[in-house]
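Basically this note's numbering = 1-based index in the sequence shown + 93. Below: the structure, in structure tokens.
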Amino acid sequence: MTELVRQPATRRPIGWREWLRDNGVYVGIVLLVAVNAAISPSFLSERNLRLQVVQVVPVVIVALGMALVIGTRGIDISVGSVMAIAAATMPLFLGYGPIPAVIAGLIAGGLIGLINGSLIAFVGIQPIVATLGMLVAGRGIALVIAGGRLTEIFDPTLASLGTATFAGFPVQVLIVIGLAVLMAVIVNRTTFGRYLLATGGNPVASALSGVPAKRTLVTVYVLCAVLASIAGVLATARIGAADPSFLGNLIELSAITAVVVGGTPLTGGKVRIAGTVAGALLLQLITATLIRNNLSDSTSRMVAALIILAAVYLQRDRDAS
């Protein structure tokens, strides 16, 4: 009798592009920290490290929502306007207390996400077109809500949200950690997360297999908008004023860069939460490095654009190389 022998499965070796795509962001962080520490020993001081992590908070939060959207093969470039709308809404409800004001800001931002998701899922408008319209309209809405001016906020509770610490850590950083863990659990441990990845990986097949693709898309864009609203609330609390004209300007570029550099492909079907957080930290370190060398903010944006191009190149299919 002929005995069938099962051959061990051969594992395809990981090429340099795949390795760099998945781990390059961490290598970049280590190199930048080492270079800055060598140039300026004060870079590793507690004060400077605290400043760096606090400054990156809004980008990390917005990038977490952007990662979910990109995981569905979408994009949301209205997140900066959503931040402005949330910030402009809060002062209108501060008379009822800080908690209702924050809730109102989150609801206002969530409604924008609901509109974006509905236009994409039910009307069939492409994500970049739908969110581009909201990018323009949302900034105008924020200016109308705020009466076209900056509004100072004198509330000790909101102020403490922007400056307080707990166990030696800034409260804003602890909020970011909690949100990152929550998003990781949602993506990797829930049915909704499986729906999200299925919708992005193969929309046709997922729809035929019973995945509620439209409902998933709407939920993803609402989550993205709510996260952007949280970023707007925290940024407003930190500066003590709602500034609808400038709050969130061009943050979508930083968020998309953080997501792509962190290893989430623009083709959807995969979301890397830890990589997204690391990508935002890398961008912050690049900006800090350029500032320390007296280079302008426009230079950092050009560097970010080059990083996006490099990351997209690394994400191409291996057979295309």
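For every residue, glycine included, the Cβ atom is placed at its ideal position computed from N, Cα and C. Because the structure is a prediction, the values reported are computed rather than measured.
Q) Would the C-beta of Ile344 count as close to the ligand NAD, meaning under 7 Å from any of its heavy atoms? A) Of the ligands one can find in the structure shown there are none, so the ligand NAD has no counterpart to examine.
Q: Kindly indicate which three-state DSSP category Phe468 falls into: helix, strand or coil?
A: Lying outside 94 to 414, the shown extent of the chain, residue 468 is not represented and no answer is given.
**Q.** For Leu267 and Val128, the rounded distance between their alpha carbons
**A.** Position 35 of the sequence shown, counted from the first residue, corresponds to residue 128. Position 174 of the sequence shown, counted from the first residue, corresponds to residue 267. Going by the C-alpha atoms only, they are around 27 Å apart.
Q: Leaving out five residues on either side along the sequence, give the residues of the same chain with a beta carbon under 6 Å from the beta carbon of Gly372.
A: In the sequence shown, the residue the question calls residue 372 occupies position 279. Cβ within range, chain order: Val118, Ala351, Val354, Gly355.
Q. What number of angstroms, rounded off, separates the C-alpha of Leu343 from the C-alpha of Gly173?
A. Counting from 1 along the sequence shown, the entry for residue 343 is found at position 250. Counting from 1 along the sequence shown, the entry for residue 173 is found at position 80. Each residue's alpha carbon lies about 7 Å from the other.
(Q) Using the Cβ count rule (16 or more neighbours within 10 Å means buried), how would you classify Leu376? (A) As a working mapping, residue 376 is identified with position 283 in the sequence shown. Label assigned to Leu376: buried.
Q) Using CA coordinates, which residue listed in Gly167, Ala335, Ile213, Gly255 is at the minimum distance from Ile238? A) Here residue 238 refers to the residue found at position 145 when the sequence shown is read from its first residue. Residue Ala335 is the option with its Cα nearest to Ile238.
Q.
Could you check whether the segment 177–194 touches the segment 325–335, counting it as contact only if at least three pairs of C-beta atoms, one from each stretch, sit closer than 8 Å?
A. yes
Q) What is the rounded straight-line gap between the Cα of Ala397 and the Cα of Phe215? A) The residue given as residue 397 occupies position 304 in the sequence shown. The residue given as residue 215 occupies position 122 in the sequence shown. About 34 Å.
Q. In whole angstroms, what is the alpha-carbon distance linking Ser243 and Leu327?
A. For this step, residue 243 is matched to residue 150 along the sequence shown. For this step, residue 327 is matched to residue 234 along the sequence shown. Reading off the sequence shown, one finds Leu at residue 243, where the question assumed Ser. Cα to Cα, the separation comes out at about 16 Å.
**Q.** Length of the line joining the Cα atoms of Lys307 and Thr360
**A.** On the sequence shown, position 214 is the one that residue 307 refers to. On the sequence shown, position 267 is the one that residue 360 refers to. If you take the alpha carbons of Lys307 and Thr360, they lie about 18 Å apart.
(Q) On the CB-based measure, 16 or more other CB atoms within 10 Å of its CB, does Glu345 come out buried or exposed? (A) Position 252 of the sequence shown, counting from 1, holds the residue named residue 345. The residue in question, Glu345, is buried, as its Cβ has 16 or more Cβ neighbours within 10 Å.
Q.
With distance defined between alpha-carbon atoms, name the residue in Ala252, Ala230, Gly203, Ala197 nearest to Tyr314.
A. For this step, residue 314 is matched to residue 221 along the sequence shown. Closest option to Tyr314, Cα to Cα, is Gly203.
**Q.** Neighbour-count burial assignment, Val152, 16 or more Cβ in a 10 Å radius
**A.** Counted from its first residue, the sequence shown places residue 152 at position 59. Buried, since its Cβ has 16 or more Cβ neighbours within 10 Å.
Q) What's the C-alpha gap between Ala62 and Asn387? A) Because the chain here runs from 94 to 414, residue 62 falls outside it and cannot be looked at.
(Q) Given this structure, state the Cα-to-Cα distance separating Ser322 from Leu236, to the nearest angstrom. (A) Within the sequence shown, numbered from 1, the residue matching residue 322 stands at position 229. Within the sequence shown, numbered from 1, the residue matching residue 236 stands at position 143. Going from the Cα of Ser322 to the Cα of Leu236 covers about 16 Å.
Q.
My output table needs one value for Phe262: the three-state DSSP class, helix, strand or coil.
A. Against the sequence shown, residue 262 aligns to sequence position 169. Three-state result, Phe262: strand.
Q: Return helix, strand or coil for Ala230, following the three-state DSSP convention.
A: Here residue 230 refers to the residue found at position 137 when the sequence shown is read from its first residue. The answer is helix: DSSP assigns Ala230 an H, G or I state.
Q: Might you give, ordered along the chain, the residues of its own chain that have their beta carbon closer than 6 Å to the beta carbon of Val280, omitting 5 neighbours on each side?
A: Position 187 of the sequence shown, counting from 1, holds the residue named residue 280. Excluding positions up to five away in sequence, the list reads Gly286, Val364.
Q: Classify Ala335 as helix, strand or coil using the three-state DSSP reduction.
A: Position 242 of the sequence shown, counted from the start, is the residue given in the question as residue 335. Strand.
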